[in-house]
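Contents: one structure, followed by commentary.
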Amino acid sequence: MPPTLSWINSCNPPPYRRKRFIATILFLAELQTKTPHQVSAQVVRVYEQVVAGLNLNLVLALQLESQEREQVPLTTENCLGALAVSVYDHFGTLTVTKWAKPTTCDQALALLKSDDDFGEEGTLEEGGQ
Numbered sequence: 003m004p005p006t007l008s009w010i011n012s013c014n015p016p017p018y019r020r021k022r023f024i025a026t027i028l029f030l031a032e033l034q035t036k037t038p039h040q041v042s043a044q045v046v047r048v049y050e051q052v053v054a055g056l057n058l059n060l061v062l063a064l065q066l067e068s069q070e071r072e073q074v075p076l077t078t079e080n081c082l083g084a085l086a087v088s089v090y091d092h093f094g095t096l097t098v099t100k101w102a103k104p105t106t107c108d109q110a111l112a113l114l115k116s117d118d119d120f121g122e123e124g125t126l127e128e129g130g131q
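Residue numbers (my numbering): 3 to 131.
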């Protein structure tokens with residue numbers, strides 16, 4: 003069963019933008035788990051920059067859902083990890099421009115509690131594409 007995506011607090015984009023965000027995490031469909039839990043991804047931070055297209059920087063936290071498939075708050079107990087991804091949207095053509103190395107749940111939880119912007123450049127280390 004593929005993971006589900008849910009939106010946290012102010013990261014809930016308007017409906018016309020949801021498909022853009024969902025397209026950036028299609029890699030999660032390949033994620034498998036051997037537990038009775040379902041893995042979901044929560045967008046914990048979104049930053050947009052409009053240039054010749056739209057740059058989207060997302061921080062995603064992977065978490066275990068309850069067996070009842072209810073959305074539960076992200077905590078250190080149910081968090082599996084977090085990662086950041088940058089996506090360039092050029093008039094509907096989506097390109098992943100940067101994957102960050104996986105990071106800790108503590109960093110994702112700190113972003114949830116923070117009112118700051120996406121974060122300073124280099125907050126999450128870059129990974130491969």
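Backbone N, C-alpha and C fix where the C-beta goes; we use that ideal spot for every residue, glycine too. Quantities reported herein were computed from a predicted structural model and do not represent experimental measurements.
Taking the Cβ atom as the reference point for each residue, do residue i and residue j lie within a distance shorter than 9 Å?
i    : j    : result
A84  : T106 : yes
D91  : N59  : no
Q65  : L82  : yes
L113 : V61  : yes
V89  : T78  : no
Buried or exposed, going by whether 16 or more other CB atoms sit within 10 Å of the CB of residue i?
i   : result
V53 : exposed
F29 : Its pLDDT being 42, under 50, F29 is placed unreliably by the model, and the measurement read from it follows with that caveat. Classification for F29: exposed.
Rounded to whole angstroms, how far is the Cβ of residue i from the Cβ of residue j, which I believe are closer than 8 Å?
i   : j   : result
V46 : A63 : 5 Å
Query raised in the report: Can you list, in chain order, the stretches of the alpha helix (DSSP H) that have 4 or more residues and sit fully within the region 83–115?
Result: Within the region 83–115, the complete alpha helix (DSSP H) segments at least 4 residues long are 107–115, listed from N- to C-terminus.
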